[in-house]
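For reference, each letter of the sequence shown is one residue, going 4 to 171 in my numbering.
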Amino acid sequence: YFEAYDAYTHRLENEVTWLGREGNRVTSLVSNTQNQLTSSQEELLRKAGCVCTSPHLNFSSTDASLNKKYGNIMGHYQFQGMHAEHPFYKLMDHGQPVSSPSSSRPSITTPRPVPAQFLFWDKPHKQWIFAPTLGSDSGVEFGSVKPSLAKCPGDPPARDNWQYKSSV
């Protein structure tokens with residue numbers, strides 16, 4: 004009986020060790036794939052003529068009233084592909100949890116929903132815009148100064164040259 008128990012314990016230890024190694028291998032594969040994707044995106048942006056080749060852009064403001072009014076479109080935008088011969092970006096998870104309604108029970112946090120929001124080149128107006136639908140200027144809240152000379156939204160001609168709805 005003890006020999007069978009010992010063999011079973013040994014087999015379980017081997018399985019746990021294998022699962023740990025396999026988990027490390029998978030984590031390494033995911034990390035390498037993400038690094039390769041980032042490198043590929045940077046190369047694509049470079050070939051598109053972008054000065055700023057980062058596939059990650061952060062849109063933020065130091066103006067508290069703008070953050071309050073337009074906070075749902077502020078945040079991390081990630082490169083998604085090309086549109087109208089320019090790169091386009093999509094708003095990703097804000098990374099800020101939203102608490103459930105307060106009660107006597109401990110609160111449960113859920114991720115804040117991310118509205119559909121794109122940053123893309125609007126060819127007719129010759130400017131970069133933030134809009135809920137890729138390729139449509141409907142629902143624009145922010146845009147670059149017109150006409151924008153920036154090939155990409157992170158390039159120096161566009162950096163710090165954004166205007167909100169009343170002036171877009």
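Beta carbons: idealized from backbone N, C-alpha and C, even for Gly.
Distance, Cα to Cα, residue i vs residue j?
i	j	result
M85	S147	18 Å
T56	L48	5 Å
Y80	T20	39 Å
L122	M95	11 Å
P127	K149	11 Å
N35	E6	43 Å
R14	V29	22 Å
N27	D66	43 Å
Y4	A10	10 Å
P58	S68	28 Å
S42	N61	19 Å
G2	A87	What the structure shows of the chain is the stretch from 4 to 171, and residue 2 is not part of that stretch, so it cannot be assessed.
L22	Y8	21 Å
Q37	Q44	10 Å
S151	S31	41 Å
A51	V33	27 Å
E18	E46	42 Å
Only counting the same chain, and skipping five residues up and downstream in sequence, which positions put a Cβ closer than 8 Å to that of residue i?
i	result
N70	S63, S64, M77
D140	D125, P127, H128, I132, A134
E25	none
Hey, residue i and residue j: beta-carbon distance below 8 Å or not?
i	j	result
Q166	F145	yes
C53	D163	no
W131	P156	yes
Q83	K93	yes
L137	F91	yes
For residue i, which residues from the same chain have a beta carbon less than 6 Å from its beta carbon, with the 5 sequence-adjacent residues on both sides left out?
i	result
H89	W124
A153	P160, A161
Please work out which residues of its chain come closer than 7 Å, Cβ to Cβ, to residue i, disregarding the five sequence neighbours upstream and downstream, and give them in chain order.
i	result
P135	P118, A119, Q120, G142
Please tell me whether, using a cut-off of 7 Å, the distance from the CB of residue i to the nearest non-hydrogen atom of the ligand NAP is below it.
i	result
H59	Of ligands this structure carries none, so the ligand NAP is not represented either.
Handout entry: 4 or more residues per run - each alpha helix (DSSP H) lying fully within the segment 21-87
Key = Taken in chain order, the unbroken stretches of alpha helix (DSSP H) that lie wholly in the segment 21-87 and span 4 residues or more are 67-73.
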